[in-house]
Amino acid sequence: MALFRFEKIYGRVFIKFFGINISFVMPPKICNYYISLGQNCFVRTILTRYGIKAKRKQGELSCPFDLLLLPLDKIAFLLQNDFEGLTSDLRHDLKTDYWYNDSLKAAFLHDENLSKDEVKARYQKRVENFINISETSKELKYILICKTCDCSPEILNNINQSLKNYRRNKPYTFIVAGLSEKNEKDFEFIPELNQEIVFKQYKIPIPLKDFLENWYIKRNMHNDDWVKDLHKNFISDILSA
Numbered sequence: 001m002a003l004f005r006f007e008k009i010y011g012r013v014f015i016k017f018f019g020i021n022i023s024f025v026m027p028p029k030i031c032n033y034y035i036s037l038g039q040n041c042f043v044r045t046i047l048t049r050y051g052i053k054a055k056r057k058q059g060e061l062s063c064p065f066d067l068l069l070l071p072l073d074k075i076a077f078l079l080q081n082d083f084e085g086l087t088s089d090l091r092h093d094l095k096t097d098y099w100y101n102d103s104l105k106a107a108f109l110h111d112e113n114l115s116k117d118e119v120k121a122r123y124q125k126r127v128e129n130f131i132n133i134s135e136t137s138k139e140l141k142y143i144l145i146c147k148t149c150d151c152s153p154e155i156l157n158n159i160n161q162s163l164k165n166y167r168r169n170k171p172y173t174f175i176v177a178g179l180s181e182k183n184e185k186d187f188e189f190i191p192e193l194n195q196e197i198v199f200k201q202y203k204i205p206i207p208l209k210d211f212l213e214n215w216y217i218k219r220n221m222h223n224d225d226w227v228k229d230l231h232k233n234f235i236s237d238i239l240s241a
């Protein structure tokens, strides 16, 4: 057994020394370039974990989809309607301490211990950040992760058109990461998809429901080689798009 092991995956360094595991992240060189569109916190978490996306203390601004959990069609709706109604129908669950928007089927799973007014203020600021970043002249990459079976050309094309409206002829790339189980069919509607959209598919070797419910648990981040490969391929596709 090796006493020392060194591995670098993009901006994260892993060191194993006499059975002790240490990891740290090299600071990214750019901020506010990779913008998450949801559907959950996977994009924000993985890009930050590997040093691709900066942390808030390094100058990265939070945007509304970074940590929200909501359906694909509601993402399209919010973008088409300037985020109208995002926090207008909030319900607090006393058992979980989570906030929900039932009309949007949205879950605010990272905003516990906040009052309704605090949640509204936080997301108003994140909406402003999204709009201000989208109005900058630099090229941006918008990234969405979802289940392949939930995808439709109509929804994805609508999202892309909304991004085009926000960007006002400034350059951007819209990347969709579709997740599916090994035995599921691939996305069948590529010909109908706007060719500007970069669509990438990733096969998950376990039940997709289990993965989506447990991917963020620390012990699940790197225990299996396929998880490392998923992270590497996901980041590689984003960087090369």
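Numbering (my numbering), first residue to last: 1 to 241. Using N, Cα and C, we set each Cβ at its ideal position, and we do this for glycine too.
Asked                                                                                                                                                                              : Found
Is it true that the CB of residue 68 sits closer than 9 Å to the CB of residue 162?                                                                                                : no
CB-CB under 7 Å to residue 52, same chain, minus the five flanking residues each way: which ones, in chain order?                                                                  : 10, 11, 28, 34 and 235
Quick check: the Cα distance between residue 141 and residue 197, rounded to an integer number of angstroms?                                                                       : 11 Å
Going by C-alpha to C-alpha distance, which of 208, 13 and 170 sits closest to residue 184?                                                                                        : 208
List the whole-angstrom C-beta distance separating residue 181 from residue 155, where the pair is believed to meet the contact cut-off of C-beta under 8 Å.                       : At roughly 21 Å, the Cβ-Cβ gap does not stay under 8 Å, so residue 181 and residue 155 are not in contact.
If you drop the 5 nearest sequence neighbours on each side, which residues of the same chain put their C-beta closer than 7 Å to that of residue 98?                               : 107, 108, 109 and 112
State the Cα-Cα distance for the pair residue 134 and residue 76, rounded to the nearest angstrom.                                                                                 : 16 Å
Pick out whichever of 91, 139, 158 and 124 has its Cα sitting closest to the Cα of residue 167.                                                                                    : 139
Express the C-alpha separation of residue 5 and residue 192 in angstroms, rounding to a whole number.                                                                              : 47 Å
Quick check on the DSSP output: the beta strand (DSSP E) that includes residue 173 runs from which residue to which?                                                               : 172-181
Leaving aside the five residues before and after residue 62 along the sequence, list all residues of the same chain whose C-beta is less than 6 Å from its C-beta, in chain order. : 126
Assign residue 38 to buried or exposed, taking buried as 16 or more other Cβ atoms, counted over all protein chains shown, within 10 Å of its Cβ.                                  : buried
In this structure, how does DSSP classify residue 54 when only helix, strand and coil are distinguished?                                                                           : coil
Can you tell me whether DSSP reads residue 126 as helix, strand or coil?                                                                                                           : helix
Given that a residue counts as buried once 16 or more other Cβ atoms are within 10 Å of its Cβ, and exposed if not, what is residue 3?                                             : exposed
State the DSSP-derived secondary structure class of residue 231, mapped to helix, strand or coil.                                                                                  : helix
So, for residue 7: in the same chain, excluding its five sequence neighbours on each side, which residues have a beta-carbon less than 6 Å away from its beta-carbon?              : 14
Cα separation between residue 152 and residue 17?                                                                                                                                  : 48 Å
Using 10 angstroms around the beta-carbon of residue 171, count the other beta-carbons present and answer buried if the total reaches 16, otherwise exposed.                       : exposed
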